[in-house]
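A.B. asks:
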Amino acid sequence: MNWLETLGEIDLPIAHQGLKFFLILLIILLAPLVLNRLRIPPLLGLIIAGAIIGPKGLHLMERDSGILLSGTAGLLYIMFLAGLEIDLEDFKKNSQKSLVFGMYTFLIPMVLGTVASLFVFKFSMASSLLLASMFASHTLIAYPIVSRLGVAKNRVVNVTVGGTLITDTLALLVLAIIVGMAHGEIDMMFWVKLFFSLLVFALLILIVLPRFGQWFLKKNEDNVTQYIFVLALVFAGGLLAELAGLEGIIGSFLVGLAISPIIPRTSGLFNRIEFVGNAIFIPFFLISVGMLVDFRVFLRDGETVFIAVAMTVIATVSKYLAALAAQKSFGYSQAERRVMFGLSNAQAAATLAAVLVGYNTIVGTDVLGEPIRLLSESVLNGTIIMILVTCTIATVEAQRGAQKIILSEATFTEKDRMDFTERFLIPIRSEETSQDLINLALNLKSAGKKNSLYGLSILKPGSQDYSAEVKAQKILNQASSITAATDNFLIELLRYDSDVVQGIASVVYENKITDLILGLHVQQEGKDSFLGQVTNRLLEKVNTTTFIYKPHQPFSSHRRHLVMIPPQAELELGFPLWLVKIWNLAKNTGRRMIFYVNEDTREYLQKILVSNPIRVEFRPFPSWDDPSNLNMLLKKDDNLIMVLSRKGDPSYHPNMDLVPDLVATWLKDHSFILIYPNPLDASSALSHDFLHSNLAGPRSRLEVIGAGINRFFSR
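Here UniProt numbering is used: the first residue of the sequence shown is 1, the next is one more, and so on.
#1: Any idea which residues DSSP pairs residue 672 with across the strands?
#2: Contact check, residue 443 vs residue 589 under 8 Å by CB: the rounded distance?
#3: Identify which residue in 613, 568, 175, 509 has its Cα closest to the Cα of residue 585.
#4: For residue 180, which three-state DSSP category applies?
#5: For residue 457 and residue 438, I'd like the C-alpha separation in whole angstroms.
#6: Given that a residue counts as buried once 16 or more other Cβ atoms are within 10 Å of its Cβ, and exposed if not, what is residue 243?
#7: Would you report the Cα separation of residue 15 and residue 61, rounded to the nearest angstrom?
#8: Closest to residue 637 by C-alpha separation, out of 551, 285, 289, 655, would be which residue?
#9: Is there contact between the region 558-566 and the region 634-652, where contact requires at least three CB pairs shorter than 8 Å?
#10: Could you check the C-alpha separation between residue 310 and residue 393 for me, to the nearest Å?
#11: With 16 as the cutoff for other CB atoms within 10 Å, does residue 619 come out buried or exposed?
#12: Leaving out five residues on either side along the sequence, give the residues of the same chain with a beta carbon under 7 Å from the beta carbon of residue 370.
#13: Go through its chain and collect everything with a Cβ distance to residue 48's Cβ below 7 Å, but skip five positions before and after it.
#14: Smallest Cα separation from residue 223: which of 644, 482, 28?
#15: For residue 716, which residues of its own chain have a beta-carbon under 7 Å away from its beta-carbon, when the five flanking residues on both sides are left out?
#16: Quick one: measure Cβ to Cβ for residue 541 and residue 423, integer angstroms, because I've assumed they're closer than 8 Å.
#17: Assign residue 427 to buried or exposed, taking buried as 16 or more other Cβ atoms, counted over all protein chains shown, within 10 Å of its Cβ.
#18: Kindly indicate which three-state DSSP category residue 617 falls into: helix, strand or coil?
#19: Closer than 6 Å by C-beta to residue 98: which residues in its own chain qualify, once you throw out the five before and the five after it? Chain order, please.
#20: Is the beta carbon of residue 515 less than 7 Å from the beta carbon of residue 535?
#21: Could you give the C-beta distance for residue 221 and residue 81, rounded to a whole number, given that I count them as a contact under 8 Å?
#22: Whole angstroms is fine: what's the gap from residue 687's alpha carbon to residue 431's?
#23: Quick check: the Cα distance between residue 69 and residue 352, rounded to an integer number of angstroms?
#24: Start and end of the beta strand (DSSP E) containing residue 515?
#25: What are the start and end residues of each continuous alpha helix (DSSP H) run of 4 or more residues lying completely inside the region 325-403, in chain order?
#26: Measure the CB-CB distance between residue 572 and residue 594 and report whether it falls below 7 Å.
#27: Give me the residue from 236, 245, 226 with the minimum Cα distance to residue 198.
#28: Suppose contacts are defined by Cβ-Cβ distances below 7 Å. Is residue 257 in contact with residue 83 by that definition?
#29: Assign residue 649 to one of two classes, buried (16 or more other C-beta atoms within 10 Å of its C-beta) or exposed (fewer than that).
#30: Give the C-beta separation of residue 234 and residue 252 to the nearest angstrom, bearing in mind that I take them to be a contact with Cβ-Cβ under 8 Å.
#31: Just how far apart, CA to CA, sit residue 232 and residue 241?
#32: If you check the beta carbons only, do residue 455 and residue 397 fall under 7 Å apart?
#33: Going by the beta-carbon positions, is the gap between residue 229 and residue 216 smaller than 7 Å?
#34: Which residue's Cα is closest to the Cα of residue 74: 193, 238, 624?
#35: For the beta strand (DSSP E) holding residue 490, just list the boundary residues, first then last.
#36: Measure the CB-CB distance between residue 307 and residue 408 and report whether it falls below 7 Å.
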């Protein structure tokens, strides 16, 4: 039977799998387009669409096993993305605030819910505690909104997501204990089993999983293989959590948190994870939630209406009070409180789990032989209405709060934005080296700068090899594909020049390039220096920050970056230009940085860390007197970054000239990056703009540099 015949013989609910899938995709496509015009959050539209097509609406389709499977996957995916996008350094910094908010958003709903259930609904203590735990838990329905608006890194989002882990874990523990009590299973063995299962679960997820993931991603660079591996981890985490007596959402969240450091934000893998989740998994979950909504209960059951209204009010008021208490405790703005309230008000995942478990738990029978359930059918129906209303409030509040945060942070003038321009030039010679160099550039660039990469291929004019241009263009096209996979854009430059160095230098000046990334050439023994004639000439001719990269393994597989900063580097005007790239590297990769610095430089860096935290450890800089002292013991998967100033700069030391040849001997089995800072001489355009943007009357050299650092890091 073909599609046309099928369409002519449609019976409701729709049974044809292809037609059902097409209808859902049509909803996912059209709902955002229509609702954006009405200024309604698209996520809310998907829930409403699910209610309309579901078994309690027009009954176009059943909420069958296929919908349930997709919905469950989407639920786990939301929690996984929330954990994946957490900056571990910010998470540690805000851990105490997350704990406080987690207790606020757990205890306030628990107290209000228990009191209301006992004295308003006249429920038993066990039913009251279970119902109150439903109010205490929440689902990050609105998280995709704040993430899409670019507010996911805001401090209040970090605190709220951390608090979600705490309150959901406690609420689901209450569920397990209450159900165990109802079945008469609470004894010493129950507590021992619960404790050890949680301990084993935590060890597997937080310790074993990151090490295994690091090893697997390092050994397998195929894009599809890496994504399927990550997807398998999400469901494995959910399964392990259920085996430990928790809900799967806790496991998927911890999986995201655990593997966050090994998946750089700038990688193609991270982009694919976000894209597939936002395009498929999460919309399916929202539609499946909508299919539970039954508007008809308002017309036929007065008790359900009363319970639904009361539950919605209790859940909303208690979550608002928790967000208000956190705002007063931490000094947050009104917009930040709205985001916190929006993220924590939606009742869906754990709430559904709790009410279904409570409804299916039978504690006895009445005089008519009817089963007495821990939570009645009226509570079940009321919960569905509560889910719809709280999700509506959550999405609206989170979106409005996030938009206000964006407006409050948009304080730079157009000139300021021009001052922050960065352009990376990547001369590309072969398909083998292009991916490594582009991956480095993606990790060095600032977030949001999607058009800052330039790929260059230089051909000699008059060549009789007509295939050379075709080959060069093919290499550039491949480089563009690698960049596009990360949702960035590579500007392709194909240039004819008889002198490679002159060609690169011309492109640098013509396009106002701020950073030059070079791959280390293949040295011909006895005929060349380690860096090579082209690189040495470029360092003499081009006044721009230059990164020379020798990869030994995939960039994302490095566990630590060891950064050697020579004494007096902070005295140079080019200091903030390369330092901000190191900060970007730390934030984009999430890896631990080890800075080898002297005391004066450390003081400068610690001032920056106050408002721009990264994972960093300081160690003393070894003496330049004996260059062999620089031969440190590197661990496996370490990457060494060395700053080598040019002659005439304050941090220059004659023995720096020996370093390139020395690292060739020391680091055969390690990756390394050599950084030659921009000298910012008085004749360069960048120097002119930099000085005039930071000078206001007579100021010392250190004051100018300090102002430059503040401007660069205040972004």
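Glycine included, C-beta positions come from ideal geometry on N, C-alpha and C.
C.D. replies: Per the coordinate set shown:
#1: 550, 640
#2: 6 Å
#3: 613
#4: helix
#5: 14 Å
#6: exposed
#7: 7 Å
#8: 551
#9: yes
#10: 16 Å
#11: exposed
#12: none
#13: 290
#14: 482
#15: For residue 716 there is no data in the structure shown, the boundaries of the chain being 1 and 715.
#16: Between residue 423 and residue 541 the Cβ distance is about 18 Å, and since that is not below 8 Å, they are no contact.
#17: buried
#18: strand
#19: 159, 162, 163
#20: no
#21: Rounded, the Cβ-Cβ distance is 23 Å, inconsistent with contact.
#22: In this prediction, residue 687 has a pLDDT of 45, which is less than 50 and means its spatial position is unreliable; what the coordinates show is noted afterwards. Near 35 Å, if we compare the C-alpha coordinates of residue 431 and residue 687.
#23: 15 Å
#24: 515-519
#25: 334-345, 349-360
#26: no
#27: 245
#28: yes
#29: buried
#30: 5 Å
#31: 14 Å
#32: no
#33: yes
#34: 238
#35: 490-496
#36: no
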